[in-house]
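Beneath this line is the structure, given in structure tokens, with notes to follow.
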Amino acid sequence: MSIDRVGIGTDLHRLAAGRRLVLGHVPIEYDKGPVGHSDGDVVLHAIIDALAGAAGLPDIGEMFPDTDPAYKDADSGRLLTAALERLAQAGYAVVNVDVTIHAERPKLSPHKAAIRAEVARLLGVDVQAVSIKAKTNEGMDAVGRGEAIACTVVAGIKRTR
Ligand SMILES: [Zn+2]
Numbered sequence: 000m001s002i003d004r005v006g007i008g009t010d011l012h013r014l015a016a017g018r019r020l021v022l023g024h025v026p027i028e029y030d031k032g033p034v035g036h037s038d039g040d041v042v043l044h045a046i047i048d049a050l051a052g053a054a055g056l057p058d059i060g061e062m063f064p065d066t067d068p069a070y071k072d073a074d075s076g077r078l079l080t081a082a083l084e085r086l087a088q089a090g091y092a093v094v095n096v097d098v099t100i101h102a103e104r105p106k107l108s109p110h111k112a113a114i115r116a117e118v119a120r121l122l123g124v125d126v127q128a129v130s131i132k133a134k135t136n137e138g139m140d141a142v143g144r145g146e147a148i149a150c151t152v153v154a155g156i157k158r159t160r
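And the structure:
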């Protein structure tokens, strides 16, 4: 399957006690979670921006303004679904996404398969088209001190018409 365009997306959220950690729409047991207007799912936010970038669409902040009460604590799965509709309207479909999560803690290896399956389900693609990688930051900077969690995504898309 050929790729017509590629895009990159990044996201970062501060972590705070008493917030729920959700990565790629999968709830993860941890004592901290992202601070954000929506649920702060860095994986889905970076995927949305990668797809928007590939298709030349407005970025996530323009599509879903954080001043809009409709997106307060929003399930980012809803945001991704809306972004996929925009992508389809623009005449594109997802080919693959390559996801790297940057987190010192918690350990993500036990969760990668579940995140991969859920991201594939949300995108409507085969699991083979989704890669989930996790890296620590070797103790360096805010991510390394466990104060933040971040994600980098590259997405490939193809023209549908
Ligand atoms: Zn975000």
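Numbering that gives the first Met the number 0 puts the first residue of the sequence shown at 0, with every later residue one more than the last.
Glycine residues also receive a C-beta, built at the ideal position from the N, C-alpha and C atoms.
Since this is a predicted model, take the numbers as computed values, not measurements.
Specify the secondary structure class of residue i as computed by DSSP and reduced to three states.
i	result
lysine 132	strand
alanine 89	coil
isoleucine 2	coil
aspartate 72	coil
threonine 80	helix
Look at the Cβ atom of residue i, then the Cβ atom of residue j, and state whether they are nearer than 7 Å.
i	j	result
histidine 101	valine 142	yes
alanine 154	glycine 6	yes
isoleucine 47	alanine 82	yes
valine 129	arginine 115	yes
aspartate 3	arginine 158	yes
glutamate 117	valine 42	no
leucine 20	glycine 32	yes
glutamate 103	threonine 135	yes
I'd like the span of the beta strand (DSSP E) that includes residue i, first residue to last.
i	result
lysine 111	Lysine 111 -> not in any beta strand (DSSP E); alpha helix (DSSP H) instead, spanning 111 to 122.
Tell me the rounded alpha-carbon separation between residue i and residue j.
i	j	result
phenylalanine 63	threonine 9	16 Å
serine 1	aspartate 58	24 Å
threonine 66	serine 37	11 Å
aspartate 140	arginine 160	45 Å
alanine 54	arginine 85	9 Å
I'd like the span of the alpha helix (DSSP H) that includes residue i, first residue to last.
i	result
alanine 54	41 to 54
glycine 155	From DSSP, glycine 155 is part of no alpha helix (DSSP H) but of the beta strand (DSSP E) over 147 to 158.
alanine 141	140 to 143
glutamate 61	59 to 62
Practice item. Scan the region 7 to 40 and note each continuous beta strand (DSSP E) run of 3 residues or more that stays entirely inside, going in chain order. Key: 20 to 22, 25 to 27, 31 to 33
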